[in-house]
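Numbering (the numbering used here), first residue to last: 91 to 448. For glycine and all other residues, C-beta sits at the position ideal for the given N, C-alpha and C.
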């Protein structure tokens, strides 16, 4: 039988990496829950497991300790990964002789990731209840700083790499621009889902992406015949279709069962029988397809630049940050927009008052 791995060492590295990722996401989920404990204690809206934290409703001191400890740790870990992930991109698109000059842009692009969150935290409503206006304000800041992100990239290419011409300049401009755009949209959407939209949505999209990516690899090695990209031999049309169908069945069933069991309380999606089932199936299926598309996009970008891996964050065999998380960027952005729109429709409000002219 054809082995799913190229060697025993790669199998060991991937297995070790899987358990490291599992530990990381359990820790991340704990931090996010600590951040929203005061809201969970109120038992309102669409945040998960509100009943579990009802005992904290009158414990204001402990609520604040959990909240700000979770926020602090989340920001620290977030900064480490945001800075490391943008540094991987610049290490690929910047020739060695220009890398030292370009390092200051690591800080600029990292700041642009956190800017929407910082601005929204400064003006958000803090009434102990979930408010869609906070998510709307974040989206507006996200759009504003996305323009700044694109402008910064153009400035970088024009003034920091003036001596690169011809085909090399075209590759760097297109590939680097695509990578920095995906970097911005992925991370800012992650923070939007973590802070201002239902936390279960973030956990769901991360689980779907890794599940779909893994089974796309398995089905691609076993059944695949039609490659999606010459740069990703294990990513095939057959593998993508099979993994999308399997993801839709598994995660739709789990999501519907969880909500029927009221594990997530009685929030915006509770008892939305037909509409909710259709929404979950669409979300899961499309997220699965997007995760494979994102994986192929990042593979194409790094191979166009002449590299096999983005870095060595997780070891020589496993690769860098974007070698493991490339499938998340597009699904995170898609999910954040869809959830904001659906919640706006359900609540018949997006948090922006409109007055009719007299």
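Taking the CB atoms as reference points, tell me whether residue i and residue j lie closer together than 8 angstroms.
i, j, result
"residue 429", "residue 291", "yes"
"residue 188", "residue 269", "no"
"residue 43", "residue 342", "The question about residue 43 has no answer, for the chain in this structure spans 91 to 448."
"residue 172", "residue 210", "no"
"residue 332", "residue 313", "yes"
"residue 450", "residue 192", "This structure cannot settle anything about residue 450, because the visible part of the chain is limited to 91 through 448."
"residue 334", "residue 379", "yes"
"residue 246", "residue 167", "no"
"residue 275", "residue 423", "yes"
"residue 374", "residue 346", "no"
"residue 206", "residue 235", "yes"
"residue 449", "residue 440", "Since the first residue of the chain shown is 91 and the last is 448, residue 449 is not available in this structure."
"residue 337", "residue 301", "yes"
"residue 340", "residue 425", "no"
"residue 325", "residue 385", "yes"
Could you give the C-beta distance for residue i and residue j, rounded to a whole number, given that I count them as a contact under 8 angstroms?
i, j, result
"residue 175", "residue 202", "The pair is not a contact, with the Cβ atoms about 13 angstroms apart (cut-off 8 angstroms)."
"residue 282", "residue 227", "Their Cβ separation, rounded to whole angstroms, is 11 angstroms, which puts residue 282 and residue 227 out of contact at 8 angstroms."
"residue 390", "residue 183", "With a Cβ gap of about 14 angstroms, residue 390 and residue 183 do not count as contacting."
"residue 309", "residue 328", "6 angstroms"
"residue 382", "residue 286", "Their Cβ separation, rounded to whole angstroms, is 27 angstroms, which puts residue 382 and residue 286 out of contact at 8 angstroms."
How would you call residue i, buried or exposed, if buried means at least 16 neighbouring beta carbons within 10 angstroms?
i, result
"residue 284", "buried"
"residue 222", "buried"
"residue 260", "exposed"
"residue 213", "exposed"
"residue 185", "exposed"
"residue 277", "buried"
"residue 412", "buried"
"residue 248", "exposed"
"residue 177", "buried"
"residue 330", "buried"
"residue 162", "exposed"
"residue 414", "buried"
"residue 372", "exposed"
"residue 392", "buried"
"residue 262", "buried"
"residue 289", "buried"
"residue 438", "exposed"
"residue 148", "No answer about residue 148 holds up, because its pLDDT of 47 lies below 50 and its placement is not dependable."
"residue 131", "In this prediction, residue 131 scores a pLDDT of 41, lower than 50, which makes its location untrustworthy; the coordinate-derived value is nonetheless stated afterwards. Buried."
"residue 129", "For residue 129, the predicted model reports a pLDDT of 46, less than 50, meaning its position is unreliable; a value from the coordinates is still stated below. Answer is buried; the Cβ neighbour count reaches 16."
> Which runs of the alpha helix (DSSP H) fall wholly inside the stretch 191-251 and span at least 4 residues, in chain order?
Replying inline: 194-213 and 222-245
Go through the stretch 271-338 residue by residue and report every complete run of the alpha helix (DSSP H) that reaches 4 residues or more, in order. 289-313
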